[in-house]
Amino acid sequence: MRLLLVFLAVIVLAEAVLPSLSPCGMCQDLVGYLKGKLEGGVGDARKIATEFCAKKAPFILQGACKSLVEDSTSRIVALLKEKADVKGICTKIKLCKN
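With mature numbering (1 follows the signal peptide of the UniProt record, and there is no 0) applied, the sequence shown corresponds to residues -16 to -1, 1 to 82, in that order.
Written out as structure tokens, the structure reads:
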């Protein structure tokens, strides 16, 4: 039980110090990366997002990142086409709060 409390405390502190270690921060990083690549005319969104998870997502969030890619890439791309902002997209897919 003590180990679980220490782990949770580390996660909470990490989110405060390094926002990209939170699901919201990781989502914003992914969406921003995807937006930049797609605006630059670089190909397949799912491939780009998968590459982000493997190379740029914090290790502790790689599983969550891969799930996000599998579940939400098409929705993220659709929202990007509607010119939604990065945080707005992550809020709409329920990884960030308002």
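All residues carry an ideal CB built from backbone N, CA and C; glycine is no exception.
Glycine 16 (DSSP reduced to helix, strand or coil): helix
Can you check which of these residues, Leu52, Leu5 and Lys40, is closest to arginine 30 by C-alpha distance? Leu52
Skipping 5 residues on each side, what residues in its chain have a beta carbon closer than 8 Å to that of asparagine 82? Thr75
For glutamate 54, which three-state DSSP category applies? helix
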